[in-house]
Amino acid sequence: MELGKKEYNYTGSSRALIFTRDGARIHSIDDVKKLMTMNHYKTDPISNKPRNQIAARYDLEIDSDYKFPFGAVDCKIGAASLKYKTLAYCGPTHEGGLPPFNWELFPSIQHWGTPRVYNFDWVKISPSL
Numbered sequence: 828m829e830l831g832k833k834e835y836n837y838t839g840s841s842r843a844l845i846f847t848r849d850g851a852r853i854h855s856i857d858d859v860k861k862l863m864t865m866n867h868y869k870t871d872p873i874s875n876k877p878r879n880q881i882a883a884r885y886d887l888e889i890d891s892d893y894k895f896p897f898g899a900v901d902c903k904i905g906a907a908s909l910k911y912k913t914l915a916y917c918g919p920t921h922e923g924g925l926p927p928f929n930w931e932l933f934p935s936i937q938h939w940g941t942p943r944v945y946n947f948d949w950v951k952i953s954p955s956l
């Protein structure tokens, strides 16, 4: 299968293969948080491209054709054990030693009203009743 077609294949894409490999190891909410913010492109044998990891980061690409402020921007987790609360993560992942996303790397792109650097942690959100 050609590389371009592989990445758009439901079962053969890098993300599908990573979910298949690591999904069976999920036993807790912390495991889900780690999986959903995972981008181990430097060490993952399935994909060495930051854009093809679970939490994609096109801004980390070396290839200028793909380097762009695009990728996974948030994650929300709900579970019965959270009792009507939601865990939320804003911004591209900076887990595992990755640098936080920084708009200074893209000076020609307008980004009014957004933080300059996305270096946020998980938060718990409760509904207002």
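First residue of the sequence shown? That's 828 in my numbering, and the numbers climb one at a time after it.
Glycine included, C-beta positions come from ideal geometry on N, C-alpha and C.
Since this is a predicted model, take the numbers as computed values, not measurements.
8 Å Cβ shell around residue i - same chain, five flanking residues per side excluded
| i | result |
| --- | --- |
| S908 | I856 |
| W939 | none |
| W949 | K860, L914, A915 and Y916 |
| M828 | A caution first: M828 carries a pLDDT of 43, below 50, which makes its placement in the model unreliable, though a value can still be read off. Contacts found: N836 and G839. |
Run of the alpha helix (DSSP H) containing residue i, from where it starts to where it stops
| i | result |
| --- | --- |
| L844 | S841 to G850 |
Residue nearest to residue i in terms of C-alpha spacing, selected from the options
| i | options | result |
| --- | --- | --- |
| G898 | T913, I881, S891 and I904 | I881 |
| D858 | D892, F947, I904 and Y911 | I904 |
| F947 | S953, N929 and S935 | N929 |
| P927 | I936, R943, S935 and C902 | R943 |
Contact set for residue i: own chain, Cβ-Cβ below 6 Å, skip 5 residues either direction
| i | result |
| --- | --- |
| K833 | G839 |
| S841 | I873, S874 and N879 |
Range of the contiguous beta strand (DSSP E) that encloses residue i
| i | result |
| --- | --- |
| L914 | T913 to C917 |
| D1024 | This structure does not reach residue 1024, given that the chain is present from 828 up to 956, and the question cannot be answered. |
| V900 | Note, V900: premise wrong, no beta strand (DSSP E); not H, not E. |
Residues of its chain near residue i, where Cβ-Cβ distance is below 7 Å and the 5 sequence neighbours each way are ignored
| i | result |
| --- | --- |
| L862 | D849, I853 and I881 |
Contact under 9 Å by Cβ, residue i with residue j
| i | j | result |
| --- | --- | --- |
| N866 | A851 | no |
| T864 | E922 | yes |
One or two residues paired with residue i in a DSSP bridge
| i | result |
| --- | --- |
| N946 | In the DSSP output, where bridge partners are listed per residue, N946 has none listed. |
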